[in-house]
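In our numbering, the protein residues as written are 1110 to 1257.
Built from N, CA and C at the ideal position, the CB exists for glycine as well.
Encoded as structure tokens, the structure appears first; notes follow it.
Below, the structure written as structure tokens:
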């Protein structure tokens, strides 16, 4: 019985961590694709970043963050993934586009501005969740020590 439980836990663990790894790689691929479209939209005014790309990317980002936060709150330890890198990539691109648009007649695409704001908001929500979870764990440990 114990070995069946152990095997089930290992399989479940592999599934959970595998999903997150796959989601991260998929999100990174989408990040590259949408960012390339955004730069093309910026440099070639006749091109527009498709709305479906923006919406799909933001939904995928939301799913990734929800999965990560669900695992955190349920106590499942996952390998650290540098999600902040996505924020830095978007905001660095936005900063460069703003500087170039200041010096030229090119306009920063609305889609890129919108995505940059949404991505920063998603990071903020994730960081708040992380802080609340740490606070909960810390107080739970402290409460156990006080009771004993």
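(request) Look at residue 1204 and residue 1217 and say whether their C-beta atoms are less than 7 Å apart. (result) No, Cβ-Cβ distance for residue 1204 and residue 1217 is not below 7 Å.
(request) Please state if the CB of residue 1147 and the CB of residue 1221 are separated by a distance shorter than 7 Å. (result) Yes.
(message) Rounded to the nearest angstrom, what separates residue 1186 and residue 1150 at their Cα positions?
(response) Whole-angstrom Cα-Cα distance: 40 Å.
(request) Between the Cα of residue 1224 and those of 1144, 1183, 1133, 1178, spot the shortest distance and give me the residue it belongs to. (result) Ranking 1144, 1183, 1133, 1178 by CA distance to the CA of residue 1224 puts 1144 first.
(request) Report the option in 1210, 1166, 1112, 1228 whose CA atom is closest to the CA atom of residue 1153. (result) Of the listed residues, the one whose Cα sits closest to residue 1153 is 1210.
(request) Could you tell me the distance, in whole angstroms, from the CA atom of residue 1196 to the CA atom of residue 1171? (result) Between residue 1196 and residue 1171, the alpha-carbon positions lie close to 13 Å from each other.
(message) Alpha carbons only, please: which of 1177, 1163, 1157, 1139 is nearest the one belonging to residue 1242?
(response) When only C-alpha atoms are compared, the closest one is 1177.
(message) When you compare the CB positions of residue 1231 and residue 1168, do they come within less than 7 Å of one another, or not?
(response) No, the Cβ-Cβ distance between residue 1231 and residue 1168 is not below 7 Å.
(request) Within 10 angstroms of the Cβ of residue 1131, are there 16 or more other Cβ atoms? Answer buried if so, exposed if not. (result) The residue in question, residue 1131, is exposed, as its Cβ has fewer than 16 Cβ neighbours within 10 Å.
(request) Note the first and the last residue of the continuous alpha helix (DSSP H) segment covering residue 1208. (result) Per DSSP, residue 1208 belongs to the alpha helix (DSSP H) from 1193 to 1212.
(message) Taking the alpha-carbon of residue 1233 as reference, which of 1192, 1219, 1181, 1136 has the nearest alpha-carbon?
(response) Minimum Cα distance to residue 1233 is reached at 1192.
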